[in-house]
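To convert, take the position in the sequence shown, counting from 1, and add 92; that gives the working numbering.
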Amino acid sequence: MDRAFFPDVKGPVPFAGLDSDDPLAFKVYEPDRLVLGKRMADHLRIGVCLWHSFSWPGSDVFGSGTFDRPWLDARMDPMVGAHERLDAAFEFLDKLGVPFFCFHDRDVSPEGRTFAETQANLDAVVDAIAGHMARTGLRLLWGTANLFSHPRYAAGAATNPDPEVFAFAAAQVKSMLEATHRLDGANYVLWGGREGYETLLNTDLAREEAQLARFLHLVAEHKHKIGFKGTLLIEPKPQEPTKHQYDYDVATVIGFLERHHLEGEYRLNLEVNHATLAGHSFQHEVALAISHGMLGSVDANRGDYQNGWDTDQFPNSVDELSLAVFEILRGGGLTTGGFNFDTKLRRQSMDHDDLFHAHIGGIDTLAQSLLAAAAMIESGDLERLRSERYAGWTRPLGASILEGQAGLDTLAGRVLAGEIDPRPVSGRQELLENVVNRQIWAANRH
Ligand code: XLS
Ligand code: NI
Ligand code: NI
């Protein structure tokens with residue numbers, strides 16, 4: 093395709109500040125701005141996903157595609173379409189000015205009649221991606237294999253009752269892990285969209301758990317065999333498309349990994365909307381992963397609190413996102429991970445420019461959340477109040493309990509003697525919420 097797909101956007105999208113009303117400029121995201129001594133771009137490591145933005149036509153369960161995505165036209169040779177899509181996608185990424193992208197094998201290259209043909213298609217497309225990366229300087233945040241769209245995966249991939257499906261999924265992951273390695277990806281993601289069940293009436297839970305663990309061991313072994321240095325990530329989600337998914341949430345996945353001695357090999361890729369579906373706040377999922385040293389990367393998006401579906405909307409609430417970013421900063425920040433926009437346009441957003449408006453707004457929301465979170469860290473109020481709350485555990489009584497010197501007899505004896513007589517203290521929640529809001533409201537003054 094020699095003509096531009098986004099002719100109205102010159103790019104790279106500039107930073108114009110809060111006084112600008114230019115819809116095609118960042119109001120807050122300024123890649124080189126230093127926040128806590130580090131470039132904004134290096135804190136956030138922003139990525140764009142190719143599936144929702146370039147491989148989905150805007151269809152829903154009631155209707156067909158509404159978007160202009162000529163490369164998805166069924167009458168087009170799928171490999172010609174694959175190259176057209178890459179041209180448009182890299183034009184977009186380059187003009188938006190973000191450092192990273194993410195993709196599934198099936199987002200970029202079609203399945204052939206045989207696996208050998210599928211592999212040849214992927215190899216050709218990966219060559220083209222490598223060329224686009226060299227030309228633009230864009231980097232791969234993560235790759236992943238689509239183990240959920242094809243009918244063969246209807247009953248799961250690794251957890252399928254048929255070992256031939258397991259084997260096919262293994263071949264697909266091997267191929268995509270190697271492609272990710274070749275493109276120097278920073279991570280590799282496994283999202284088990286169909287690793288779960290539709291009904292317990294036909295499901296052997298213990299067997300399926302053992303299969304999934306075996307699969308993840310094979311992936312980790314292969315990673316080491318080929319010398320891939322990126323991080324392997326599991327993306328929790330409680331349901332949708334499957335009624336129940338085994339990677340339900342952070343707590344469930346950590347328990348699973350530890351049960352199968354995989355905790356040294358995998359970290360977590362946390363998605364905002366998946367936390368919502370699991371009945372958690374995103375802050376909870378992030379904080380829990382960090383407290384176990386298991387945070388890997390983030391899929392930035394948001395759900396709709398009314399409809400219980402993975403709507404994958406673009407983030408627009410600083411109030412919510414800044415709390416999660418605060419946890420990330422307090423935990424030392426992201427390393428190989430980033431913020432991937434696993435986000436899709438609404439079906440009526442059919443102008444080419446809508447893709448820019450959506451990403452610009454989401455990225456500005458994230459940048460503003462970073463400023464607010466950094467202000468929370470810098471002021472030190474939250475940290476101070478939290479450590480004061482636990483101060484007793486650093487004094488002799490707390491230390492003697494934790495170190496195992498004080499047993500029930502000793503403790504009961506001291507309570508009986510009236511030496512220990514605790515008084516309730518305020519948790520100061522509203523005060524803390526005010527501290528957070530003040531930092532959010534003031535964040536752009538610095
Ligand atoms: C779907 C998931 C998916 C993963 C990658 O809900 O978020 O997009 O991120 O397979
Ligand atoms: Ni995701
Ligand atoms: Ni999702």
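Glycine included, C-beta positions come from ideal geometry on N, C-alpha and C.
Because the structure is a prediction, the values reported are computed rather than measured.
| message | Please identify the residue among R198, T158, G424, E412 whose C-alpha is closest to the C-alpha of H376. | response | E412
| said: Helix, strand or coil for L233? Go by DSSP, reduced to three states. | reply: strand
| said: Assuming A174 and P202 are in contact, meaning their beta carbons sit under 8 Å apart, how far apart are those beta carbons, in whole angstroms? | reply: 7 Å
| message | Is the beta carbon of S383 closer than 9 Å to that of T323? | response | no
| said: Less than 9 Å between the beta carbons of F348 and L362, yes or no? | reply: no
| query | Are R394 and N365 close, meaning C-beta to C-beta below 9 Å? | reply | yes
| message | Less than 9 Å between the beta carbons of D160 and H444, yes or no? | response | yes
| Is L142 closer than 9 Å to F192 when the C-beta atoms are compared? | no
| Can you find a heavy atom of ligand 3 that lies under 8 Å from the Cβ of D404? | yes
| message | Buried or exposed, going by whether 16 or more other CB atoms sit within 10 Å of the CB of V200? | response | buried
| said: Is D434 a contact residue of ligand 2, with contact defined as CB to any heavy atom under 8 Å? | reply: yes
| query | ligand 1 heavy atoms versus the CB of T236: any closer than 8 Å? | reply | yes
| field | Contacting residues, own chain, Cβ-Cβ under 8 Å from A459 (five flanking each side not counted) | value | F118, V120, Y121, E122, M132, L136
| request: Tell me, please, which residues DSSP counts as bridged to S389. | output: N361
| said: Does chain D have any CB closer than 9 Å to the CB of D124? | reply: Annotation note: the requested chain D is absent from the structure, which comprises a single protein chain.
| field | Cβ shell of L462 (< 7 Å), same chain only, five flanking positions each side left out | value | V127, M132, H135, L136, V417
| Which value, in whole angstroms, describes the spacing of the CA atoms of A535 and L164? | 43 Å
| said: Using the Cβ count rule (16 or more neighbours within 10 Å means buried), how would you classify G385? | reply: exposed
| said: Quick check on N399: buried or exposed, where buried means 16 or more other Cβ atoms within 10 Å of its Cβ? | reply: exposed
| Which residues in the same chain have their Cβ closer than 6 Å to the Cβ of D124, if we skip the five residues on either side of it in sequence? | R131
| message | Quick test of your reading: F406 and T435, contact by CB under 8 Å. State the CB separation rounded to the nearest angstrom. | response | 5 Å
| said: Is it buried or exposed, W533, if we count other Cβ atoms within 10 angstroms and call 16 or more buried? | reply: exposed
| DSSP beta-bridge partners of I539 | Because the chain is modelled from 93 through 538, residue 539 falls outside the range shown and cannot be assessed.
| Is the closest heavy atom of ligand 2 to the C-beta of W401 under 8 Å? | no
| query | Near I415, what residues of its chain come up, given a Cβ to Cβ distance below 6 Å and the 5 sequence neighbours on each side ignored? | reply | Sequence inspection shows Leu at residue 415; the Ile mentioned does not correspond to that position. Same-chain partners within the cutoff: Q375.
| task | Since I believe T251 is in contact with T304 (beta carbons under 8 Å), could you give me their beta-carbon distance rounded to a whole number of angstroms? | result | The question names Thr, yet the displayed sequence has Leu at residue 304. About 5 Å; that satisfies the 8 Å criterion.
| Outcome for W234 when other beta-carbon atoms lying within 10 angstroms are tallied against a minimum of 16 | buried
| Identity of the residue in K317, V527, G284 nearest H196 by Cα | G284
| From A249 to L500, what distance separates their C-alpha atoms? | 50 Å
| query | Does the beta carbon of E511 fall short of 8 Å from some heavy atom of ligand 5? | reply | This structure simply doesn't include ligand 5; it includes ligand 1, ligand 2 and ligand 3 instead.
| message | Does the beta-carbon of E270, which I'm using as the reference point, lie nearer than 8 Å to any heavy atom of ligand 3? | response | no
| query | Any heavy atom of ligand 1 within a distance shorter than 8 Å of the CB on W148? | reply | no
| Ends of the beta strand (DSSP E) at T323? | 323-326
| query | Terminal residues of the continuous alpha helix (DSSP H) containing V200? | reply | 197-200
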